[in-house]
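Some notes on the structure that comes next.
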Amino acid sequence: MKKVLHISSECYPAAKAGGMGDVVGALPLYLPAAGAKSSVIIPKYANKWFKGKTFKAVAKGSFAMGPYQIDYKIQTLKKNTLGYDLYCVDLPGLFDRDSIYLDVDGHGYKDEPQRNIAFQTAVVDWLAKGKTSFDILNCHDHMTGLIPFMVKYATAYQSLSSTPTVLTIHNGMYKGEFDWKIANYLPPYSSQHDGILDWDHKINSLATAIKCAWKVNTVSPNYMKEIMRDAGPMTHLYHMEEHKCLGILNGVDTKLWDPSTDSFLEHKLQDHVWVKFKQQNKTALLKQFGLKSRRPLVGFIGRLTDQKGADLLAEALDQKLSSNANLSMIILGTGDVSIEARLQELAKKYPKSVATYIAYDEGLARSIYAGCDYLIMPSRFEPCGLNQLFAMRYGTIPVVSDVGGLVDTVPDISIKGNGIVFGHSNIYAIQHALERAIALYKEKNTFKSLRSKLVKLDYSWSKSAETYAKLYQSLINSKV
Ligand code: GLC
Numbered sequence: 001m002k003k004v005l006h007i008s009s010e011c012y013p014a015a016k017a018g019g020m021g022d023v024v025g026a027l028p029l030y031l032p033a034a035g036a037k038s039s040v041i042i043p044k045y046a047n048k049w050f051k052g053k054t055f056k057a058v059a060k061g062s063f064a065m066g067p068y069q070i071d072y073k074i075q076t077l078k079k080n081t082l083g084y085d086l087y088c089v090d091l092p093g094l095f096d097r098d099s100i101y102l103d104v105d106g107h108g109y110k111d112e113p114q115r116n117i118a119f120q121t122a123v124v125d126w127l128a129k130g131k132t133s134f135d136i137l138n139c140h141d142h143m144t145g146l147i148p149f150m151v152k153y154a155t156a157y158q159s160l161s162s163t164p165t166v167l168t169i170h171n172g173m174y175k176g177e178f179d180w181k182i183a184n185y186l187p188p189y190s191s192q193h194d195g196i197l198d199w200d201h202k203i204n205s206l207a208t209a210i211k212c213a214w215k216v217n218t219v220s221p222n223y224m225k226e227i228m229r230d231a232g233p234m235t236h237l238y239h240m241e242e243h244k245c246l247g248i249l250n251g252v253d254t255k256l257w258d259p260s261t262d263s264f265l266e267h268k269l270q271d272h273v274w275v276k277f278k279q280q281n282k283t284a285l286l287k288q289f290g291l292k293s294r295r296p297l298v299g300f301i302g303r304l305t306d307q308k309g310a311d312l313l314a315e316a317l318d319q320k321l322s323s324n325a326n327l328s329m330i331i332l333g334t335g336d337v338s339i340e341a342r343l344q345e346l347a348k349k350y351p352k353s354v355a356t357y358i359a360y361d362e363g364l365a366r367s368i369y370a371g372c373d374y375l376i377m378p379s380r381f382e383p384c385g386l387n388q389l390f391a392m393r394y395g396t397i398p399v400v401s402d403v404g405g406l407v408d409t410v411p412d413i414s415i416k417g418n419g420i421v422f423g424h425s426n427i428y429a430i431q432h433a434l435e436r437a438i439a440l441y442k443e444k445n446t447f448k449s450l451r452s453k454l455v456k457l458d459y460s461w462s463k464s465a466e467t468y469a470k471l472y473q474s475l476i477n478s479k480v
């Protein structure tokens, strides 16, 4: 069986900041059935998950990074119940922090480029020793985007140059750019390749990966179409590399996301009786947050950022509720301080209609998927989106903007689809979508039959894992 190494800064349950963590933690479980054994390598953080585990050393090494000598250790779990091999890179002083990306004030770490270079060099340095080998290296987002360059052009790592690399783009907005001043932190390479690292006079990790990886995939087909149309200053680059680009839709780990066994839920789904399951969970949520009943309950889960349209949602909701719209809303997430404050203010203004919970809380998220009638995602862009898939698994109707992977997974009910879709995420479109949700809720039979339809849809990883496995095989075949 071919062997794939997923190289990432996140992997659920060890370290997760967003959907990429879910994907890297789930895809390896589904790949073996499609013929690809998967392992994952991530940095060793000092968060709760890592602190509660014991590790054994697999390898160690050191390399120069500019003026610094970096010592690293590759470790694995002493007792692994994950279902795939998880390697972690111990880099003291760089990754032994609680948070993955943000300092205590919520700002990105200032030494982000150094951390990312050190992690990537350590991975490549370890692989080049050749004791553990892989047929494919699958890099995830810009944090691992320099690896396809390192294996191709770094003088010391030429033994890896024939190993195919794949870049999976979860979010093309983040590029991992840094100043040429620290180019000497990279492992030595011939300066004739400087142009490959460069985009707009900076070293750009994402652009470098797009140029060097053997294949580039986004996490939905529609998001790939969108960035081909407009990726800002990088559109031209995507066009040049179009021949090796494709979109593969994310899936759901259906074992982890199963309303009949979900250990976070007090009221689980029993004997497929959805009406009871939804009612019990909704009642519990309304009670917990002191919200009005006998009206649709809408949830929002996610980062409170512009990308997710959380700012637009706040305005749309304020306007709707000031004209007495008949709905209740629960918002769960963290993010921009100003959006957090605005949403908290709404909860104060409409205490019986809006509950805002500023936190990352897996348990509450599960209760929201289980107890809400609708889940709204007013994203300005959305490479795939997983929440709409989780929602449908838990019998909750998605209300989404028509972008990225939301288009691939939620066709509008007017075209026999499975959710409410609104064009261009703006305040009026959101308000109109909420009105449609309120109206649909009143049509009890239509509402119920839509729910029965949703819960039968198959968005599991199995199909997409096969597409990844085929992609890996085609790269292996292209070598001979
Ligand atoms: C990022 C994207 C999201 C995607 C996830 C997993 O978080 O914003 O749309 O589903 O990565 O690929």
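For the record, in the sequence shown the residue sitting at position 19 is 19 according to my numbering, with numbers rising by one throughout. By construction, the Cβ of each residue, glycine as well, lies at the ideal position given by its N, Cα and C atoms.
- Contact annotation: the stretch 174-185 does not touch the stretch 53-62, with fewer than three C-beta pairs closer than 8 Å.
- Around the beta-carbon of Gln75, 16 or more other beta-carbon atoms lie within 10 Å, marking it buried.
- Taking every protein chain shown into account, the CB of Ile430 has 16 or more other CB atoms within 10 angstroms, so this residue is buried.
- Just measuring C-alpha positions, the residue of Gly232, Ala14, Pro221 and Gly66 sitting nearest Asn80 is Ala14.
- One thing to note: Gly251 has its Cβ within 9 Å of the Cβ of Leu389.
- Distance from the CA atom of Phe447 to the CA atom of Ala437, rounded to whole angstroms, is 10 Å.
- C-alpha of Tyr459 to C-alpha of Tyr87: approximately 28 Å in a straight line.
- In the DSSP assignment, Phe422 is bridged to Ser401.
- Distance from the CA atom of Thr144 to the CA atom of Gln307, rounded to whole angstroms, is 22 Å.
- The beta-bridge partner set that DSSP reports for Ala36 consists of Lys2.
- If you check the C-beta of Asn222 against ligand 1, you find no heavy atom less than 8 Å away.
- The alpha-carbon separation between Ile331 and Tyr357 amounts to approximately 6 Å.
- Here Asp141 is not near Leu386, since their CB atoms are 9 Å or more apart.
- Taken through DSSP and simplified to helix, strand or coil, Lys202 comes out as strand.
- Phe55 sits in a strand when the DSSP states are folded into three classes.
- Taking non-hydrogen atoms of ligand 1 into account, the C-beta of Val219 is found less than 8 Å away from one of them.
- Collapsing the DSSP output to three states places Pro148 in a helix.
- A direct Cα-to-Cα measurement between Gln192 and Thr208 gives close to 14 Å.
- For Leu346, the enclosing alpha helix (DSSP H) starts and ends at Val337 to Lys349.
- Counted as a single uninterrupted DSSP element, the beta strand (DSSP E) harbouring Gly247 occupies residues Cys245 to Gly247.
- Per the coordinates, the alpha-carbon of Lys48 lies some 29 Å from the alpha-carbon of Pro383.
- For Leu146, the shortest C-beta to heavy atom distance toward ligand 1 is 8 Å or greater.
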